[in-house]
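Novice: Can you read through this structure? Questions will come right after.
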Amino acid sequence: MPRASLTRALRLLSGKRIVDVALPLSTRPSRETRYLVSDPYLRFWLSFLGPYLPEIERGRGDLTLARIRSSWTSWRGRAIEPVVRESLRRLPSGPLPAETAVMGGYWTRTKDPEIDFVGADRTPVAKRITFVGSVKWLENRPFDTHDLGRLAVHRAQLPGADERTPLIAVARSGRLVEGVTLLGPEDLLTARRD
């Protein structure tokens with residue numbers, strides 16, 4: 005497909021809210037645009053079912069199910085990010101720095117670093133980064149020293165962030181380390197109730 009046609013198609017899908025368009029949030033401009041299918045059910049279909057319909061039709065749904073089971077934790081971690089981001093936006097003042105006006109993520113072409121959540125004073129190019137965050141949505145593994153170390157390294161690579169930029173972790177199973185503000189499932193539900 006020619007580039008102009010692809011650009012036109014993505015613009016149309018974005019206008020109809022079928023595809024979300026995102027740019028990395030930092031104090032430097034970027035052209036590393038990401039396109040994400042908006043509907044989580046459609047994302048699931050496109051990832052696990054649609055490409056494997058011939059397999060399912062041949063009576064080998066067991067292969068599809070095995071693929072889903074082996075990839076589920078990783079897929080779910082990505083799928084929960086928009087839900088968590090929206091819950092963070094709805095939080096009453098307190099856990100997030102007061103000057104946070106927008107939230108996004110940060111990535112480079114090589115995906116190193118790739119940061120789940122970045123808070124800032126404005127978008128698309130921030131004047132000030134207000135926090136850096138990570139989501140760990142695992143049943144039996146809390147946010148630990150390895151996760152904190154990785155988040156701190158990524159913060160150091162984020163344009164506009166430094167060692168004073170607060171770190172926030174959203175974890176399903178708690179934390180084993182200090183030095184990070186922790187938000188759990190109850191915090192996210194509270195944000196959704198208000």
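Quick note: the sequence shown uses the numbering used here, first residue 5, plus one each step.
Built from N, CA and C at the ideal position, the CB exists for glycine as well.
Assuming Gly-108 is part of the beta strand (DSSP E), what are its boundary residues?
Specialist: Residues 106 to 111.
Novice: The beta strand (DSSP E) with Leu-95 in it runs from where to where?
Specialist: Neither: Leu-95 is in no beta strand (DSSP E) and is coded neither H nor E.
Novice: I believe Arg-21 touches Ser-51 by the beta-carbon criterion, under 8 Å. Please report the beta-carbon distance rounded to the nearest angstrom.
Specialist: Arg-21 to Ser-51, Cβ: 20 Å. No contact.
Novice: Keeping to the same chain, check which residues put their C-beta closer than 7 Å to that of Ser-34; ignore five residues upstream and five downstream.
Specialist: For Ser-34, where only same-chain residues beyond five positions count, the Cβ hits under 7 Å are Leu-27 and Pro-28.
Novice: Skipping 5 residues on each side, what residues in its chain have a beta carbon closer than 6 Å to that of Glu-103?
Specialist: Within the same chain, Glu-103 has close Cβ partners Asp-125 and Thr-134.
Novice: Let me check understanding here. Comparing Cα to Cα, which of Gly-81, Ala-105 and Arg-82 lies closest to Leu-92?
Specialist: For the residues Gly-81, Ala-105 and Arg-82, the minimum Cα distance to Leu-92 belongs to Ala-105.
Novice: Mapping DSSP to helix, strand and coil, what is Gly-63?
Specialist: Reduced to three states, the DSSP call for Gly-63 is coil.
Novice: What is the residue span of the beta strand (DSSP E) that Val-174 lies within?
Specialist: From DSSP, the beta strand (DSSP E) with Val-174 extends over 171 to 175.
Novice: Consult DSSP for Asp-120 and reduce its assignment to one of helix, strand or coil.
Specialist: Strand, per DSSP.
Novice: Is DSSP giving Arg-168 helix, strand or coil here?
Specialist: Three-state DSSP puts Arg-168 in coil, outside helix and strand.
Novice: Throw me the rounded Cβ distance for the Phe-147 and Val-184 pair, which I believe falls under 8 Å.
Specialist: Contact holds; Cβ gap of about 7 Å.
Novice: Between which two residues does the alpha helix (DSSP H) carrying Thr-11 extend?
Specialist: 7 to 19 is the extent of the alpha helix (DSSP H) around Thr-11.
Novice: Identify every residue that forms a DSSP beta bridge with Ala-130.
Specialist: Answer is none; Ala-130 lacks a bridge partner.
Novice: To the nearest angstrom, how far is it from the Cα of Gly-109 to the Cα of Leu-155?
Specialist: Looking at the two C-alpha atoms, the distance is approximately 13 Å.
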